[in-house]
Structure formats: structure tokens, C-alpha cells
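Those letters in the sequence shown? Residues -24 to -1, 1 to 194, per mature numbering (1 follows the signal peptide of the UniProt record, and there is no 0), in order. Report on the structure given below.
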Amino acid sequence: MATSHMITIVFSAIVFMLLSPAIAAQSSGDVGGKKPKPNDFMVEACKNASANSLVYDEGSNNVTQEFCISTLRSDNRSADAKNLRDLALIPVDILKERVVIAGGNVKEMLHKTKNSTSPMARNLRICELGYGATVGMLNLCGTFLRDYEGDNTSEDYDGPLSFELYDCVDDLNVCDYCGRDTLLRMPGAEALVREKDEVHMLINLGMALLSPYRLEKC
């Protein structure tokens, strides 16, 4: 059963990677129209997400209700969201785009580094690898979220369980590979620092929205 479960997940991830350009085109946010108004479900979900983020991330990286609503409103899918899975897909999809851009900027800075053996070059290579690995994990998380059908299904169900949705986003530890303090010591890396902070906040938002699934695991 475990082998079958992993085969199904990996196959789904491959399919999602092949279809992701089409998905991005269909799910891009405010395309030629007004941003959706925050409905009661979105406001309540963001209120809870803000409270949940205080539990596991004290300090400046807390998800505020305002940040949550603003991020969700940037994508028209938020108006039709029926559950937390639907909402969490939005920051995860945005996150993938931001990670690809950030990784490209790290690579560009690495190419401009004169000394390829310097500590700066080594740290940039680690950042580049971290962002690359995160893109792969985001493909998997996106597949988990799209394939999730709830835990109360038949014994033949071989898709992801609710706690796996939260765990997948929680495992997006690109910040561990590309440390903020390391970037701050690099001359001319201010834009990379801002991008890393944005990525971190989107990860936190995904975790905060999916926190009830994490609590169900306990």
C-alpha cells in the first residue's frame, strides 16, 4: 500500500510539472478585471491564519490578516474558494513563481561574481541549489493540494491526507539554505534579501492557512 501510495504521488507530481504552464495561465490572478472582494469565508480564514501563525513563528514573520487578505485577493480563485485547501493553493502557486524568479536572480549574481571560489560564490551556489530544490517541492505540494479529496474516503483512496498538506508546505525550507544573515553580508544583495523575505512570508501564509490540518494530526 505504501509503495502504491508513493508511486501515485510521484506520477501525479510529474503530470503536474508537465501541466503547470497551462495551470499558471489559467490561474493567474487579477487578469483584466477587478480584484475579488473579500468574502466572509476569506476574512475568517485569514483571521484564523493570523492567530495560527503566532503559535509557531514569533516575531516579524507573523502572518497578518491584512497580508493574508491582500495576497488572496491578488488571485481571482479566492472568490470561489470553498475550503482552506482552495485558499492555500493561491500562496503556493504565487510562491512557485517567486522562487523561480529569486533563483534566477541568484544565478545571475553568481555569474557576475569574479572569484568563483570565494565564500560569496559558495553561498550563492547553495542559495541557487536551495531555490531549485524548493521548486521541485512546490510541484509536489501543488499536486498534493489539487489531489486532496478529504480524509473521509474509501479504503481504496491513495491520495494525500490532510496533515500531509501542511507538512509539505512546512518542508519548504529554502530559507535554511539561503540564510538572511549570509545575504546581508554580501555587497549588492539587497534585492535577494527582499525576495527571500517575500518567499518566507508566502511559506508562512501557506502554513498558517493549513494549520487546522496540522492540528487534526495531533
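For glycine and all other residues, C-beta sits at the position ideal for the given N, C-alpha and C. As the structure is a computational prediction, the values presented were derived from the model and not from experiment.
Fewer than three Cβ pairs drawn from the region 35 to 55 and the region 76 to 88 lie within less than 8 Å of each other, which leaves the two stretches out of contact. Between Leu121 and Val68, the gap from beta carbon to beta carbon is short of 8 Å. Take the alpha-carbon of Thr47 and the one of Glu73: they are about 14 Å apart. Rounded to whole angstroms, the Cβ separation of Thr89 and Leu105 is 15 Å, and the two are not in contact under 8 Å.
Restricting attention to Ile66, Val82 and Gly182, the CA atom closest to the CA of Leu141 is found in Gly182. Taking C-alpha positions only, Lys11 is separated from Pro95 by approximately 44 Å. Note on geometry: alpha-carbon atoms of Cys117 and Cys144 lie some 6 Å from one another.
If you draw a 10 Å sphere on the C-beta of Tyr133, you find fewer than 16 other C-beta atoms in it, and that means exposed.
Close CB contacts of Leu60 within its chain, under the 8 Å cut and outside five residues either way in sequence, are with Ala21, Leu185, Leu186, Pro188 and Tyr189 (chain order).
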